[in-house]
Amino acid sequence: MKVDENQKPLPGAVFEIANSNQQVMGTITADKNGIAEMGNLELGTYTVKEVKAPVGYVLDATPKPFEVKTGEVAVVEMKNVQIKGNIEIKKVSDTGKILPGVEFTVFTPEGKAVTKVTTNQEGIAKVHSLPFGKYYFQETKGLEGYLLNQTKYPFEVKEHNQTLTFEVKNDQVKGNVQLVKVDEDGKTKLEGAVFILADEKGKKISEHKTDKNGLIKIDNIPFGKYQFIEKTSPADYVLVKDPIPFSITENGKTIELVAKNTKIKGSIEITKVDVADGNNKLPGAEFTIYNEQGQEVVKGKTNEQGIAKFDKLPAGKYTYKETLAPQGYVSHEETFSFEIKADGEIIKHTVKNKKIEGSLEITKVDVADGNNKLPGAEFTIYNEQGQEVVKGKTNEQGIAKFEKLPAGKYTYKETFAPEGYLINEETFSFEIKTDGAIIKHVVADQKKEVPPTPETPQPEQPQPEQPKPEKPQTPQVIEKPVPTPEKPQHIVKQPQPMKEQPKKVESHLPTTGGKAENPYWKWIGATFVVLGSILAVYAFRKRKNQEV
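Numbering (UniProt numbering), first residue to last: 1 to 548.
The following block contains the structure:
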């Protein structure tokens with residue numbers, strides 16, 4: 001009788017019967033009930049030996065004795081051990097990395113799960129004592145970052161205690177990343193930015209540069225966490241210091257990233273001062289800034305502190321010049337240059353301006369003779385507020401020159417006349433508008449007139465007596481009218497300034513002044529009256545003597 005270790009009958013086993021002389025008497029095969037019979041055996045001792053085991057069982061070739069006795073049936077029980085085998089699965093990545101923690105399930109051909117096993121730290125999963133038969137195994141739980149391998153791996157246990165080995169590879173999850181570099185408005189693509197691709201701890205993996213479309217594209221990046229670190233910014237843009245993190249979690253997926261850069265921007269601060277006094281800050285100066293192509297970028301004026309500040313100028317080369325000078329100052333013609341290189345940079349320039357200064361040249365002449373230049377005339381100049389600015393006298397050539405007069409409106413008048421001349425009461429005005437202007441005025445004075453000395457009367461001389469006329473005549477005094485002296489007219493002419501030219505503006509005053517009223521005229525008139533009376537008396541006496 002053939003049974004397994006569980007007393008289950010085993011059909012198909014073939015046995016060989018031998019007598020005591022080791023002579024084979026024949027073979028028998030176990031039926032479906034596991035029973036193999038041989039009849040007509042003579043009394044005696046025999047052995048039975050399995051020569052063919054049931055399918056799936058280990059052959060037991062050990063002979064077993066039995067004895068045939070009269071009237072008895074000899075029964076021999078033969079047990080078989082089922083064939084059992086082992087499998088060993090080694091789990092590695094597509095790069096050969098050992099992968100612990102991967103679960104496999106062994107199935108029967110019909111898909112019934114037999115057992116589950118998980119790879120150890122060495123990436124090995126072992127299944128022991130699988131009964132004889134056909135099976136397959138399949139990965140039923142993978143690792144994060146790896147694709148689940150759904151391949152069915154068939155195998156068959158045919159030999160007892162045999163170990164079947166398998167190596168199963170897993171493909172890592174891989175994705176793609178695409179980074180586009182743009183400026184702050186998101187429209188302009190930036191070429192030339194250099195990025196480092198690093199792991200989540202910052203360890204460098206590779207280095208990449210944006211193309212003309214501002215793109216960096218990297219394919220087949222293994223599952224994991226990464227970051228882009230900007231190493232070099234595009235020209236004239238601020239370097240982005242913060243890393244750009246991303247993760248690859250899905251196989252074949254492309255991660256799209258946008259990295260914005262802001263332009264480097266800086267400032268220029270222009271301080272406007274007086275060339276002679278750096279502490280004198282000048283408001284109202286206008287400056288215009290131009291880009292490298294000569295196009296106007298911005299313009300502005302200095303404030304009360306003399307400062308014009310231009311902020312948020314993008315990186316690049318610039319020029320600037322003064323397009324409007326402070327009031328009363330010469331415009332600075334120089335063109336200045338500067339360059340914004342670093343973000344937040346403040347460039348400071350100081351520009352000095354010279355005050356507009358001009359001169360006034362007054363020539364003093366005689367009103368009656370313009371070629372007669374008069375020294376010693378004093379003139380005083382006043383500003384627009386009426387405050388005295390300077391005074392001076394004409395030299396031997398009759399010229400008084402006042403230099404370095406700041407731009408503005410002025411008046412002047414004669415405050416001391418030349419000796420022998422009447423003072424000119426006129427107030428004259430002029431204006432300094434351009435630097436280096438020389439304004440020329442001519443001012444005429446009239447001489448003081450000295451009265452003539454009266455004629456001394458002569459004593460009367462005795463005349464010889466003349467015969468007296470028969471009839472005496474009454475003497476008559478013939479009065480001659482005394483002419484009224486003509487009152488001189490005061491000629492006052494406004495100075496006519498000449499049209500001013502750059503650096504030398506001249507203005508000539510026509511001769512100013514006139515004959516003032518002479519106080520001696522009344523004495524002259526009186527003298528004429530007295531002389532007339534004396535002459536009348538003298539004529540009367542002479543006529544009387546002739547009559548006698």
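Cβ atoms here follow ideal geometry from the backbone N, Cα and C, with glycine treated the same way.
Owing to the predicted nature of the structure, the values given are computational and were not obtained by experimental measurement.
My understanding is that residue i touches residue j, with C-beta atoms under 8 angstroms, so please give their C-beta distance in whole angstroms.
i, j, result
"Thr-115", "Gln-138", "Rounded, the Cβ-Cβ distance is 12 angstroms, inconsistent with contact."
"Glu-357", "Pro-418", "Actually they do not touch by this definition, with Cβ atoms about 28 angstroms apart."
"Gly-142", "Val-102", "6 angstroms"
"Val-48", "Pro-63", "7 angstroms"
"Ala-315", "Asp-236", "4 angstroms"
"Gln-446", "Tyr-421", "7 angstroms"
"Lys-231", "Ile-196", "5 angstroms"
"Ile-221", "Ile-248", "5 angstroms"
"Gln-178", "Glu-256", "5 angstroms"
Looking at the secondary structure, which residues open and close the beta strand (DSSP E) in which residue i lies?
i, result
"Pro-245", "244 to 248"
"Ile-218", "215 to 222"
"Met-38", "No beta strand (DSSP E) holds Met-38; DSSP gives it neither H nor E."
"Lys-440", "438 to 445"
"Gln-178", "174 to 183"
"Ala-64", "As written in the sequence, residue 64 is Lys, which differs from the Ala given in the question. Unbroken beta strand (DSSP E) run through Lys-64: 64 to 68."
"residue 635", "Residue 635 lies beyond the range of the chain shown here (1 to 548); nothing can be said about it."
"Asp-366", "357 to 366"
"Val-114", "113 to 118"
"Asp-311", "307 to 314"
"Leu-143", "It is not in any beta strand (DSSP E) - Leu-143 carries neither H nor E in the DSSP assignment."
"His-349", "346 to 353"
"Asn-170", "163 to 170"
"Lys-152", "152 to 157"
"Val-73", "Taken as a continuous stretch (DSSP letters only), Val-73 belongs to no beta strand (DSSP E), as it is neither H nor E."
"Glu-110", "Looking at the DSSP string, Glu-110 is not in any beta strand (DSSP E), and its letter there is neither H nor E."
"residue 573", "Given that the chain is displayed from residue 1 to residue 548, the structure contains no residue 573 and the question cannot be resolved."
Given a threshold of 16 other Cβ atoms within 10 Å of its Cβ, counted over all protein chains shown, does residue i qualify as buried or as exposed?
i, result
"Asn-424", "buried"
"Leu-313", "buried"
"Ala-285", "buried"
"Phe-416", "exposed"
"Ser-429", "exposed"
"Val-258", "exposed"
"Gln-387", "exposed"
"residue 563", "The chain is shown from 1 up to 548; residue 563 falls before or after that span and cannot be answered."
"Tyr-57", "buried"
"residue 552", "With the chain covering only 1 through 548, there is no way to say anything about residue 552."
"Asn-80", "buried"
"Lys-272", "buried"
"Glu-50", "buried"
"Ala-437", "buried"
"Ala-444", "buried"
"Ile-89", "buried"
"Asp-366", "buried"
"Thr-302", "buried"
"Phe-15", "buried"
Since residue i sits in a beta bridge, which residues does DSSP pair it with?
i, result
"Gly-85", "Leu-130"
"Ser-20", "None; Ser-20 has no bridge partner."
"Asp-211", "Note: Asp-211 sits in no beta bridge, so no partner."
"Glu-191", "DSSP output for Glu-191 lists no bridge partner at all."
"Gly-408", "Ile-432"
"Val-48", "Ile-17 and Lys-64"
"Ser-331", "In the DSSP output, where bridge partners are listed per residue, Ser-331 has none listed."
"Ser-206", "Leu-197"
"Gly-300", "Phe-287"
"Ala-125", "Ile-89"
Have a look at residue i and residue j and give me their C-alpha separation to the nearest angstrom.
i, j, result
"Ile-347", "Glu-339", "9 angstroms"
"Lys-281", "Ile-307", "8 angstroms"
"Ile-17", "Lys-8", "23 angstroms"
"Glu-250", "Thr-319", "54 angstroms"
"Asp-185", "Gln-293", "23 angstroms"
"Lys-265", "Ile-244", "23 angstroms"
"Glu-342", "Lys-253", "Here the sequence assigns Ala to residue 342, which means Glu is not the residue at that position. Answer to the nearest angstrom: the Cα atoms are 39 angstroms apart."
"Thr-427", "Ser-337", "49 angstroms"
"Tyr-31", "Gln-162", "One detail in the question is off: residue 31 reads as Asp in this sequence, not Tyr. Approximately 29 angstroms between the Cα atoms of the pair."
"Val-297", "Ser-267", "13 angstroms"
"Val-180", "Phe-223", "21 angstroms"
"Lys-393", "Ile-289", "49 angstroms"
"Gln-295", "Phe-287", "14 angstroms"
"Val-117", "Thr-29", "40 angstroms"
"Leu-10", "Ile-98", "44 angstroms"
"Ala-325", "Glu-334", "12 angstroms"
"Gln-150", "Val-92", "15 angstroms"
"Asp-60", "Lys-69", "26 angstroms"
Quick one: does residue i have its CB under 9 angstroms from some CB of chain C?
i, result
"Ile-216", "In the structure shown, chain C does not exist; there is a single protein chain."
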